[in-house]
Each structure stands twice: as structure tokens, then as C-alpha cells.
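Okay, so here's the structure we're looking at.
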Amino acid sequence: MYIGYGKATSSLGTGLLESAIDRIRLHTLSDNINGYKHKRNNEHKRGSKLGRCLSALSFQISDLQAHALSQPHHD
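Quick note on the working numbering: the sequence shown kicks off at 498 and runs consecutively.
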């Protein structure tokens, strides 16, 4: 009977350990997903700022080109 009790206790301990490991894995996975989402959102915000800056720069270059083309040429 003692051996059976030991096996039951061992199985219970193993089950609890496996359950704890599964919970840790789920928390880690959740943290990784949330971290990835946060990182992606920050990159998107930075990308949006960069996009706006590049767009503004492109307009300025176009204005400069138009201005340069409208000036009389001195050959």
C-alpha cells in the first residue's frame, strides 16, 4: 500500500509540476505576444513619422525643382 501511495503522490507531484510549467509557458507566450504587439505598434508609429517626414521632404524637393525650372537659364 505504501508503494501505491508513493506512486500516487509522485503522480500528483508530477501533475502539479507539469501544470505549473504549462502556466509559466502560457504566461511567457502571452508576454512575448504582448511584447511583440507593443514593439510592432511602436515601429508602426515610428514608420508613420518617417513616412510623413519623407512625404514632406518630397514635396519640398518638388517645389525646389519647380522653382529651379521656372528660373531663366544663363548659358
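All C-beta atoms in this analysis are idealised placements derived from N, C-alpha and C, irrespective of residue type, glycine included.
Predicted model, so just to flag it, every value in this text is computed and none were measured.
message = Buried or exposed, going by whether 16 or more other CB atoms sit within 10 Å of the CB of Tyr-499?
response = Here Tyr-499 scores only 44 on pLDDT, less than 50, and its place in the model is too uncertain to base an answer on.
Alpha-carbon to alpha-carbon, Cys-550 and Gln-562 = Each residue's alpha carbon lies about 18 Å from the other.
ask   = How is Gln-568 classed by DSSP in three states: helix, strand or coil?
value = Gln-568 falls in the coil class under three-state DSSP.
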